[in-house]
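Engineer:
Numbering (the working numbering), first residue to last: 1454 to 1652.
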């Protein structure tokens, strides 16, 4: 299943006078807004004018997305699946309470599988998901944002505003290696419906 999410590259912005900035966030957001809002979606330049370029200069924080999508009548929320000791308080608690490292490793793997299930569930509901990955899809200390737009069998399909381009296919195994296990889920607000999100 592949969602019809419009694609835009961040490269034209990076080669402009504003080049030394973090464009993946605002361009990924534009893709998702364009998917949900169609012709009513703002342009990248409109987003910059409305919210200022500070979010581009410092890089988008996940909380920035949540405020912006609310302004356009959408709902957004963050989700994290930390899966490494020291990164997730619950795992440290398990260690302190005497859980074995093997048990914690099993828990982390289950947690990761549940995260992939959630991504697919969102796609099934017609909701593309912005995810944080290692920049250039390799281990590093820099992060990058892409939009997961579909899946087939054990392969995920994403729009990467930088290196890989539109409809990039990546195996789940490889995706696990570079995914930072954080996501921003943006969906349309249904009037009269209470927030019943359960992930």
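Beta carbons: idealized from backbone N, C-alpha and C, even for Gly. Owing to the predicted nature of the structure, the values given are computational and were not obtained by experimental measurement.
What does DSSP give as the partner residues of residue 1598 in its beta bridges?
Structural biologist: DSSP lists 1585 as the beta-bridge partner residues of residue 1598.
Engineer: DSSP puts residue 1608 in a beta bridge; with which residues?
Structural biologist: 1605, 1624
Engineer: Give me the residue from 1454, 1460, 1456, 1455 with the minimum Cα distance to residue 1614.
Structural biologist: Considering only alpha carbons, the answer is 1460.
Engineer: What separation, rounded to the nearest whole angstrom, lies between the Cα atoms of residue 1525 and residue 1498?
Structural biologist: Their backbone Cα atoms lie some 16 Å apart in a straight line.
Engineer: Note down the Cα distance separating residue 1454 from residue 1638, rounded to an integer number of angstroms.
Structural biologist: 18 Å
Engineer: Alpha carbon to alpha carbon, how far is residue 1456 from residue 1485?
Structural biologist: C-alpha separation (whole angstroms): 11 Å.
Engineer: Could you name the residues that DSSP lists as bridge partners for residue 1527?
Structural biologist: Checking the DSSP bridge columns, you'll see residue 1527 partnered with 1641.
Engineer: Using CA atoms only, rank isn't needed, just tell me which of 1529, 1516, 1483, 1490 is closest to residue 1501.
Structural biologist: 1483
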